[in-house]
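Residue numbers (the working numbering): -1 to 628.
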């Protein structure tokens, strides 16, 4: 299907300045990434290399914008649901046209080529050689060696905070593109290794159970890993009837790159997964001008699979909803741009973002995080609901070395979606329902031996825990235990199916042109599933009434057992001949005989009564859609 051209807004992290004796200038705080240290510096960035940048501009009256967003989302507030149009938002809160003109004129006068301005006036897009950018922002760009998602990479960043003319200090909040922090943004999905071993997967929990291996769990609590759920099973998991289809709504999906076989894959998989195919015109995409870049470095194939997973998951839960994909030109400079496009267009009702910072929330410079929050704030005021995956590496200690939550899941303006492991019986009723935190075991003789790496036996699980940056929003106060969060924003907020050993069956054509079906998971699955449920709830309100920031409503439902299941640990596990790989966890790559334990606290995360750092306030129950629609 033909894509729509979009103005490309490069989204990388802000810059820093090594002052170059310029008069009447002031520094912009929070524009140096934490990894840009003197110890990791390896040299200077090439003078003539051209960098795409986005100069981020500040909101007018951000305090009033925050207050409005909070009021619009509060269940008992008279303003709830009185959302602004994008034009109303721009007129009230966006940077003034005179501010934009001043910034453009200054950039042009410095020799920077200005390409355009985003529709909400948040970002001025431009490009220039490194030497010109250094002069413009009063800094020096250098190269650094640092780990990105566990791999050592060469990155560019300023050596000190950027500076701008004092008269523009209140207008410019960040300059994206002066550093490479966005290289750490990754899709949050898991897929199994290819295997030539004859694996007898189970179509439902316990249908197949390898009894040639030790039975660690009682009868009914151990099964072969599942083949992947079909659409009817996942819909039954959340109590959906045929009429709950997302009619009258539009779901937006934000990612990088574009799978040209997506529509064909969805329609082909529909036969195997017993879901409707795409209707004519139901799926559309907004592509960046100038095509894509950095495909090898960013693992474009992984992003294309992510796109396919997100579309199929959302379509399973809301088969009549319109689907609109916003593609970033790369993982390095395009995700924030694509996200902003979804917000400024204001066409989609729900936004699913199945990606996050693989190295913890501090990886992004503060000013860059502030820009994302500004975009998410606009979405909330417009009534757009944002679902963000909480991550697949648990507390991230394997990648980072210390427990840390992931951004943008920790943003106060999004719903952070954690994960569950669900074993449905042949009747589509849960035999196993617990938090997604997996522990791996390898068969040695007739004994299961725990696997071990930096995280012990951890082999994948939902991201969670307290933010180091944001205070607890009002709707979390008194709900999230102080012993866990200490008064900070904590994630996740809610959860959905995420364990690939009990995942959703996805059809995908890879780079070689080979089509295949596999059980897939990760909180990348959970986020679009929740997006579909939010669309179904909007349909129940008549289709036109959006939900906006859903977290206050979700927390208000926490005691309603017909709406949310309070997830707790359950002693159970699956046998598998291959371990599923994902960032942040090291697992055996060879075929063998393995047992995966569920929710046994392999790091410091586990589900539990009330709010917990794996499933939040719980997972949707049979009456969730109707309850959320109220």
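Positions of the beta carbon are idealized from the N, C-alpha and C atoms, including for glycine.
Three-way DSSP call (helix, strand, coil) for residue i in this model
i	result
residue 60	helix
residue 151	strand
residue 2	For residue 2, the pLDDT reaches just 42, beneath the cut-off of 50, and the residue's location in the model is therefore unreliable, although a value from the coordinates is still provided. In this structure, residue 2 counts as strand in the three-state DSSP scheme.
residue 52	strand
residue 104	helix
residue 434	coil
residue 621	coil
residue 195	Because residue 195 carries a pLDDT of 41, less than 50, the predicted location of this residue cannot be relied on, and the following value inherits that uncertainty. In this structure, residue 195 counts as coil in the three-state DSSP scheme.
residue 177	strand
residue 355	strand
residue 251	strand
residue 427	coil
residue 121	strand
residue 215	coil
residue 265	helix
residue 528	helix
residue 133	helix
residue 596	strand
residue 371	helix
residue 320	strand
residue 80	coil
residue 411	coil
residue 19	Any answer about residue 19 is weak, because its pLDDT of 44 lies below 50 and its placement is not dependable; what the coordinates show is given next. If DSSP states are grouped into helix, strand and coil, residue 19 belongs with coil.
residue 489	strand
residue 309	helix
residue 14	Any reading at residue 14 must be qualified, since the residue scores a pLDDT of 34, below 50, and its modelled position is unreliable; the value itself is stated next. Residue 14 falls in the coil class under three-state DSSP.
residue 360	helix
Top-ranked residue by Cα proximity to residue i, from the options
i	options	result
residue 50	103, 77, 122 and 58	122
residue 315	278, 279, 228 and 284	228
residue 343	96, 87, 28 and 394	87
residue 300	328, 287, 322 and 318	328
residue 262	155, 627 and 514	514
residue 552	446, 624 and 597	624
residue 393	452, 410, 340 and 362	452
residue 349	248, 476 and 212	248
residue 285	323, 152 and 506	323
residue 417	135, 494 and 94	494
residue 559	70, 368, 181 and 621	621
residue 633	586, 585, 531 and 250	Lying before the first or after the last residue shown, residue 633 is absent from the chain, which here runs from -1 to 628.
residue 181	523, 564, 330 and 426	330
residue 213	253, 166 and 446	446
residue 438	492, 595 and 351	595
residue 612	564, 586 and 585	564
residue 159	489, 337 and 32	32
residue 166	102, 85, 243 and 627	102
Beta-carbon proximity check, residue i vs residue j, cutoff 7 Å
i	j	result
residue 571	residue 555	no
residue 456	residue 588	no
residue 222	residue 240	no
residue 408	residue 487	yes
residue 35	residue 365	no
residue 319	residue 533	yes
residue 211	residue 591	yes
residue 573	residue 208	yes
residue 171	residue 54	yes
residue 506	residue 306	yes
Environment of residue i [buried if 16+ CB atoms lie within 10 Å]
i	result
residue 80	exposed
residue 630	Nothing can be reported for residue 630: it is not among the residues displayed for the chain, which extend from -1 to 628.
residue 480	exposed
residue 544	buried
residue 444	exposed
residue 22	exposed
residue 106	exposed
residue 347	buried
residue 599	buried
residue 74	exposed
residue 357	buried
residue 216	exposed
residue 271	buried
Proximity test, Cβ basis, 7 Å: residue i and chain D
i	result
residue 366	Here chain D cannot be found, since the structure has a single protein chain.
Between the segment 579 to 591 and the segment 521 to 541, are three or more C-beta pairs nearer than 8 Å?
no
Should the segment 501 to 517 be called in touch with the segment 423 to 443, which here means at least 3 C-beta pairs below 8 Å?
no
Determine contact between the segment 130 to 142 and the segment 34 to 46, defined as no fewer than three beta-carbon pairs at a distance below 8 Å.
By the Cβ test, the segment 130 to 142 is in contact with the segment 34 to 46, since at least three Cβ pairs between them sit closer than 8 Å.
Assess, as a yes-or-no matter, whether the segment 49 to 66 is touched by the segment 386 to 405 under the definition of 3 or more beta carbon pairs within less than 8 Å.
Pairwise C-beta distances place the segment 386 to 405 out of contact with the segment 49 to 66, as fewer than three of them are shorter than 8 Å.
Between the segment 174 to 181 and the segment 151 to 158, are three or more C-beta pairs nearer than 8 Å?
yes
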